[in-house]
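Worksheet for the structure shown next.
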Amino acid sequence: MGPGHTRAGSSRHVGRTALLFALVALVVSPASAEGPDVAGSIVKRGRIASDLYAFGGGVDVGAEVNGDLIAGGGRVTVGHTVRGDLIVGAGSVTVGGLVERNVRAAGGAVTFTGRVGRNIDVAGGTITIEPEATIGGSAQLAGGEIHVAGSIGRRLQAAGAVVVLAGEITGNVEVVAQEIEVRPTARLRGKLTYWSPRDARIAPEATIGGRVTHNLPELPSRIARTGTALVPVSRALFLAGLAVVAVGLFLIFPRFTVLSARTIGMHPFKSLGLGLLLVTAVPVLAVLCMITILGIPLGLIIFVVYSIALLLGFALAAFYVGDVGAQAFMGRNARRRRIRVVFLLLALGVLFLARHVPLIGGALMALAVLWGLGAMSLHGIHAWSDTEPRRSGLPPRHC
941 MGPGHTRAGS SRHVGRTALL FALVALVVSP ASAEGPDVAG SIVKRGRIAS DLYAFGGGVD
1001 VGAEVNGDLI AGGGRVTVGH TVRGDLIVGA GSVTVGGLVE RNVRAAGGAV TFTGRVGRNI
1061 DVAGGTITIE PEATIGGSAQ LAGGEIHVAG SIGRRLQAAG AVVVLAGEIT GNVEVVAQEI
1121 EVRPTARLRG KLTYWSPRDA RIAPEATIGG RVTHNLPELP SRIARTGTAL VPVSRALFLA
1181 GLAVVAVGLF LIFPRFTVLS ARTIGMHPFK SLGLGLLLVT AVPVLAVLCM ITILGIPLGL
1241 IIFVVYSIAL LLGFALAAFY VGDVGAQAFM GRNARRRRIR VVFLLLALGV LFLARHVPLI
1301 GGALMALAVL WGLGAMSLHG IHAWSDTEPR RSGLPPRHC
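In the numbering used here, the protein residues as written are 941 to 1339.
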């Protein structure tokens, strides 16, 4: 086809893509909210008279937000006033200023230096409530290391490897941890109940208004032993289920399976790049859809389809490996259905054994998923692009 047709086809694809993103934005964004800000670096100042959605490598919100703030990225800093709820997920999260309602946060390092009017629910590698921080309601914390030096107006529930209490907590405290330390500055107005294999280190100067109860984690240990015993069984069942899915995919959709797997060999870098893009972008799109109540069903559907696509991607990568092996060892018989099924099952077994190889095992599994997902999507794009001109009476494009 000539260059004019190519530019026209590209314009149509760009227009449809823009329309799709516009429709998604209408679904996930309430009328009172600003459009989602997505950029490498986002800085907000002044006053925002609505909800704010901000996603980027660095997000710095020093503005007064007269609504909810929903943010995500590499580093998120909140330094002024949020009149509604704060929902945030990032590698590093710092919550300062004032959040009048609830905070739900997840990140590698989550730090509170300001005031929260109601409750906080936090999951992170390191969670720190600084001495100047004030939580008006309850706190539920789950992380690797948890340091509470500020004040909590109601109950504290914490689970982590190390939990350090050094602030003022009005309600009861429940802790599950390997190591628990109550420092001299701690003021616990209620009871302290903890589950740990070791005694908590409680400073004599610390104040605890209620009873201190130490429970040994016997039940979690039993559950862990049972879970360890079930791991080989669950892995075997998963491998069997994946084998059924992979073989069923080939038997029911042989042309799609063969052509998608062949795309891995024909366009390895395109497949890998597209797979990486989809793995990164689709969860973000699903989260954006679930921001509003009306968008929750769409977000859940996207997550379900995404999970199925990852499974199919791995199955297609295994089929490609099996097909390469069949051609190497079986020659002309490699295209027979039975031969392909046998080598597909062998490839699945090889890939599962490869995951135990130190350092590179996990990377090989991830690459298999990315290549399969990207190749499947790339084949779908090419197939759709070739059928569209036929519907309009134009000759199909040839790659």
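Idealized CB from N, CA, C, for every residue including glycine.
Val1227, buried or exposed, once every other Cβ within 10 Å from all chains shown has been counted against 16: If you number the sequence shown from 1, residue 1227 lands on position 287. Buried, because 16 or more other Cβ atoms sit within 10 Å of the Cβ of Val1227.
Ser1247, enclosing alpha helix (DSSP H) - first and last residue: Translated into the one-based positions of the sequence shown, residue 1247 becomes position 307. Residues 1236 to 1270.
Segment contact flag, the stretch 1125 to 1139 with the stretch 1147 to 1155, C-beta cutoff 8 Å, min 3 pairs: yes
Spatially closest choice to Ala1257 from Ala1180, Val1115, Ala1308, His1207, by CA coordinates: For this step, residue 1257 is matched to residue 317 along the sequence shown. That would be Ala1308, whose Cα lies nearest to the Cα of Ala1257.
Reduced DSSP secondary structure (H/G/I, E/B, other) of Thr1074: In the sequence shown, residue 1074 corresponds to position 134, counting from 1. Of the three classes helix, strand and coil, the one that applies to Thr1074 here is strand, per DSSP.
Neighbour-count burial assignment, Phe1209, 16 or more Cβ in a 10 Å radius: Indexing the sequence shown from 1 puts residue 1209 at position 269. Looking at its Cβ environment, which holds fewer than 16 other Cβ atoms inside 10 Å, Phe1209 is exposed.
Where Ile1300 falls: helix, strand or coil (DSSP): Looking up residue 1300 in the sequence shown gives position 360. In the structure shown, Ile1300 sits in coil (DSSP, three-state: anything other than H, G, I, E or B).
Cut-off 6 Å between Cβ atoms - residues of its own chain near Leu1199, not counting five sequence neighbours on either side: As a working mapping, residue 1199 is identified with position 259 in the sequence shown. The answer, listed in chain order, is His1319.
Identified DSSP bridge partners for Ala1183: As a position in the sequence shown, residue 1183 is number 243, starting the count at 1. Per DSSP, none; premise fails for Ala1183.
Residues that DSSP places opposite Gly1149 in a beta bridge: For the purposes of this step, residue 1149 is identified with residue 209 of the sequence shown, where counting begins at 1. BP columns for Gly1149 are empty, so no partner.
Candidates Thr1125, Val1115, Leu1240: closest to Asp1139 by CA position: What you label residue 1139 is simply residue 199 of the sequence shown in a count that begins at 1. Closest option to Asp1139, Cα to Cα, is Val1115.
CB of Gly1037 within 8 Å of CB of Gly1019, strictly: Taking the first residue of the sequence shown as position 1, residue 1037 is located at position 97. Taking the first residue of the sequence shown as position 1, residue 1019 is located at position 79. Yes, these two residues count as a Cβ contact at 8 Å.
Rounded separation between Ile1192 and Ile1236 - CA only: Taking the first residue of the sequence shown as 1, we reach residue 1192 at position 252. Taking the first residue of the sequence shown as 1, we reach residue 1236 at position 296. Cα to Cα, the separation comes out at about 32 Å.
Gly1312, DSSP secondary structure in three states: Taking the sequence shown and counting its residues from 1, the one referred to as residue 1312 is at position 372. In the structure shown, Gly1312 sits in a helix (DSSP, three-state: H, G or I).
Same chain only: Cβ atoms within 6 Å of Glu1040, ignoring 5 sequence neighbours per side: Position 100 of the sequence shown, counting from 1, holds the residue named residue 1040. So the qualifying residues of the chain are Arg1023, Gly1057.
CA-to-CA distance, Arg1129 to Ile1109, given in whole angstroms: For the purposes of this step, residue 1109 is identified with residue 169 of the sequence shown, where counting begins at 1. For the purposes of this step, residue 1129 is identified with residue 189 of the sequence shown, where counting begins at 1. Each residue's alpha carbon lies about 6 Å from the other.
Cutoff 8 Å; reference Ala962; Cβ partners in own chain excluding five residues on either side: If you number the sequence shown from 1, residue 962 lands on position 22. Only weak support is given to the placement of Ala962: the predicted model assigns it a pLDDT of 36, under 50, and the question is left unresolved by the model.
Gly1130 (DSSP reduced to helix, strand or coil): Stepping through the sequence shown from its first residue, residue 1130 is reached at position 190. Coil.
Other residues of its chain near Met1270: CB distance less than 7 Å, five sequence neighbours each side excluded: Numbered from 1 along the sequence shown, position 330 holds the residue referred to as residue 1270. So the list reads Ile1279, once near-sequence residues are dropped.
Ala989 to Ile1010 span [Cα, whole Å]: As a first step, residue 989 must be located in the sequence shown, where it is residue number 49. As a first step, residue 1010 must be located in the sequence shown, where it is residue number 70. Roughly 14 Å between the two C-alpha positions.
Distance between beta carbons of Gly1083 and Leu1065, contact taken as under 8 Å: Along the sequence shown, read from residue 1 onward, the residue named residue 1065 stands at position 125. Along the sequence shown, read from residue 1 onward, the residue named residue 1083 stands at position 143. Sequence check: residue 1065 is Gly here, not Leu. Sure, about 6 Å apart at Cβ, within 8 Å.
Span separating the alpha-carbon of Arg1055 from that of Ala1073: By 1-based counting over the sequence shown, the position of residue 1055 is 115. By 1-based counting over the sequence shown, the position of residue 1073 is 133. Answer to the nearest angstrom: the Cα atoms are 6 Å apart.
Residue span of the beta strand (DSSP E) that contains Thr1066, given as start and end: Numbered from its first residue, the sequence shown carries residue 1066 at position 126. Element bounds for Thr1066: 1060 to 1069.
CB contact flag (Ile1092, Ala1079, <8 Å): For the purposes of this step, residue 1092 is identified with residue 152 of the sequence shown, where counting begins at 1. For the purposes of this step, residue 1079 is identified with residue 139 of the sequence shown, where counting begins at 1. The answer is yes: Cβ separation under 8 Å.
Limits of the beta strand (DSSP E) - the one that Ser1200 falls within: In the sequence shown, residue 1200 corresponds to position 260, counting from 1. Here Ser1200 belongs to no beta strand (DSSP E); instead the alpha helix (DSSP H) covers 1194 to 1206.
Whole-angstrom distance between Gly1076 and Val1222, CA atom to CA atom: One-based indexing of the sequence shown puts residue 1222 at position 282. One-based indexing of the sequence shown puts residue 1076 at position 136. Looking at the two C-alpha atoms, the distance is approximately 36 Å.
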